[in-house]
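Counting from 484, one number per residue, gives the positions in the sequence shown under our numbering.
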Amino acid sequence: MSAISENLLGTFLKDRRTRLDPTAFGLPMTRRRTPGLRREEVAQRANVSPTWYTWLEQGRGGAASADVLDRISRALLLTEVEREHLFLLGLGRPPQVLYRTPDPVTPRLQRVLDAFVATPATIRTSTWDIIAWNQAARAVLIDYSQVEPERRNVLRMMFCDPRMREAQADWLASARYVVAAFRADVARAGAADKVQALVDELHRISPEFAAIWAENEVRSTYGEIIKTLRHPRAGLLNLEYSSFAVDGRPDLEMVVYTPATPVDAARVAALMGGSQPSA
């Protein structure tokens with residue numbers, strides 16, 4: 484770590500430490516010369532040496548491990564954005580995405596989805612549970628509101644929902660892609676134990692899943708992908724598949740299916756308008 488990075492890290496830690504209210508941690512306010520927690524109190528909360536933490540704030544503590552930075556982050560009650568900034572200063576890279584039980588999407592994020600009037604869009608978790616969608620997704624993909632919340636998992640639906648299977652122009656290729664990308668996302672989020680019950684269940688009920696899972700393939704969801712769907716009213720639809728991280732929520736991804744051609748756009752618009760698309 485360079486001297487500049489060490490100084491920036493120390494300044495950031497000191498600033499966040501002095502913002503904390505000691506009474507929120509059951510600590511007395513007496514005999515405090517400066518606001519916030521003392522260095523030794525933060526060190527105790529993070530389970531690190533008070534001397535080393537003092538050096539870290541003074542810009543001479545050296546490089547800290549990801550585990551230590553994570554403990555300091557919790558000790559200082561950092562937000563997700565602040566935690567990421569801490570890792571960038573301390574290690575030069577963002578932290579690993581950690582699995583968390585997803586909160587409902589905010590009204591603002593739902594409005595972003597709804598702004599895609601004739602473009603299907605969804606929000607999924609790092610374990611591929613669909614937790615939000617727009618009207619175009621209901622019309623083109625599947626009406627998630629009619630699916631029980633615990634069954635709105637892309638992996639489960641790919642192997643257990645006949646509607647999902649019928650919609651794939653090439654189901655086997657789509658299933659292989661979903662399994663490989665799901666495996667990579669779950670590992671990245673450290674959520675393997677959270678999905679083990681689902682994986683075990685699919686092994687029992689789907690020989691196809693068991694065979695594909697045994698291939699041990701991994702792949703990224705990022706890149707240029709054209710997804711071809713077979714819609715019961717619109718016929719074949721070619722959609723550009725794009726996924727984006729949600730700002731401030733590294734555990735969520737927005738998936739957007741943009742019509743690939745003017746013909747596809749017209750067919751999606753017809754579905755949204757309730758008219759019969761020209762197949």
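Cβ coordinates follow ideal geometry from the N, Cα and C atoms, glycine included.
Nearest candidate by alpha-carbon position, reference residue i, set the options
{"i": "Met755", "options": "Asp597, Ile555, Trp535, Pro645", "result": "Asp597"}
{"i": "Val678", "options": "Leu496, Arg515, Glu633", "result": "Glu633"}
{"i": "Tyr740", "options": "Thr517, Glu723, Tyr627", "result": "Glu723"}
{"i": "Asp668", "options": "Ala743, Ala728, Ile688", "result": "Ala728"}
{"i": "Arg800", "options": "Glu649, Lys710, Phe642", "result": "Residue 800 is absent from the model: the chain starts at 484 and stops at 762."}
{"i": "Leu720", "options": "Arg702, Val746, Ile708", "result": "Val746"}
{"i": "Leu496", "options": "Ala549, Phe508, Leu561, Thr517", "result": "Leu561"}
{"i": "Asn617", "options": "Phe508, Glu700, Met737, Ala670", "result": "Met737"}
{"i": "Leu503", "options": "Asn490, Ala549, Thr517", "result": "Thr517"}
{"i": "Arg702", "options": "Ile709, Asn490, Ala507, Arg666", "result": "Arg666"}
{"i": "Gly545", "options": "Pro690, Glu684, Glu489", "result": "Glu489"}
{"i": "Leu638", "options": "Arg591, Glu707, Val662", "result": "Val662"}
{"i": "Trp654", "options": "Asp683, Glu631, Ile625, Glu691", "result": "Glu691"}
Residues sharing a beta bridge with residue i, DSSP
{"i": "Pro742", "result": "Leu722"}
{"i": "Lys497", "result": "DSSP output for Lys497 lists no bridge partner at all."}
{"i": "His714", "result": "Gly718"}
{"i": "Ile709", "result": "Glu723"}
{"i": "Glu736", "result": "Arg607, Ala728"}
{"i": "Ile613", "result": "Arg607"}
{"i": "Asn490", "result": "Asn490 pairs with nothing; no bridge assigned."}
{"i": "Asn636", "result": "Asp612"}
{"i": "Gln651", "result": "Leu712"}
Same chain, Cβ closer than 7 Å to residue i, neighbours up to 5 away in sequence not counted
{"i": "Gly471", "result": "An answer regarding residue 471 cannot be provided, because it is not within the stretch 484 to 762 covered by the chain."}
{"i": "Ala526", "result": "Ser532, Pro533, Tyr536"}
{"i": "Asn530", "result": "Arg554"}
{"i": "Val588", "result": "Ile606, Ile614, Ala615"}
{"i": "Arg566", "result": "Ser556, Pro578"}
{"i": "Val551", "result": "Val531"}
{"i": "Ala675", "result": "Val669"}
{"i": "Lys710", "result": "Leu722, Tyr724, Tyr740"}
Cβ neighbours of residue i in the same chain (closer than 6 Å, five flanking residues each side left out)
{"i": "Glu523", "result": "Pro533"}
{"i": "Thr704", "result": "Ala664, Ser726"}
{"i": "Ser657", "result": "Gln651"}
{"i": "Met640", "result": "Met647"}
{"i": "Leu712", "result": "Ala650, Leu720"}
{"i": "Leu491", "result": "Leu572"}
{"i": "Pro590", "result": "none"}
{"i": "Ile708", "result": "Tyr724"}
Own chain, CB closer than 8 Å to residue i, minus 5 neighbours either side, in chain order
{"i": "Asn636", "result": "Thr610, Trp611, Asp612, Ile613, Leu681"}
{"i": "Arg500", "result": "Gly519, Leu520, Arg522, Val525, Glu540, Leu559"}
{"i": "Ser557", "result": "A quick correction: the sequence has Arg, not Ser, at residue 557. Same-chain partners within the cutoff: Arg528, Ala529."}
{"i": "Pro505", "result": "Pro511, Met512, Arg515, Gly519, Leu520, Glu524"}
{"i": "Tyr627", "result": "Thr605, Ile613, Trp616, Ala620, Arg621, Arg635"}
{"i": "Pro625", "result": "Reading the sequence as shown, one finds Ile at residue 625 and not Pro. Only Met640, Asp644, Arg646, Met647, Ala650 meet the Cβ criterion."}
### Message
Could you check whether the region 730 to 748 touches the region 688 to 696, counting it as contact only if at least three pairs of C-beta atoms, one from each stretch, sit closer than 8 Å?
### Response
no
### Three or more C-beta pairs below 8 Å linking the region 598 to 617 and the region 568 to 577
no
### Query
When the Cβ atoms of the region 737 to 751 are set against those of the region 705 to 725, are three or more pairs found closer than 8 Å?
yes
### Task
Evaluate the contact criterion for the region 617 to 628 versus the region 566 to 573: three or more CB pairs, one atom per stretch, below 8 Å.
no
### Message
Threshold first: 4 residues or longer. Then list the alpha helix (DSSP H) segments lying entirely within the region 516 to 550, N to C.
### Response
Counting only runs of 4 or more, we get 522 to 529, 533 to 540.
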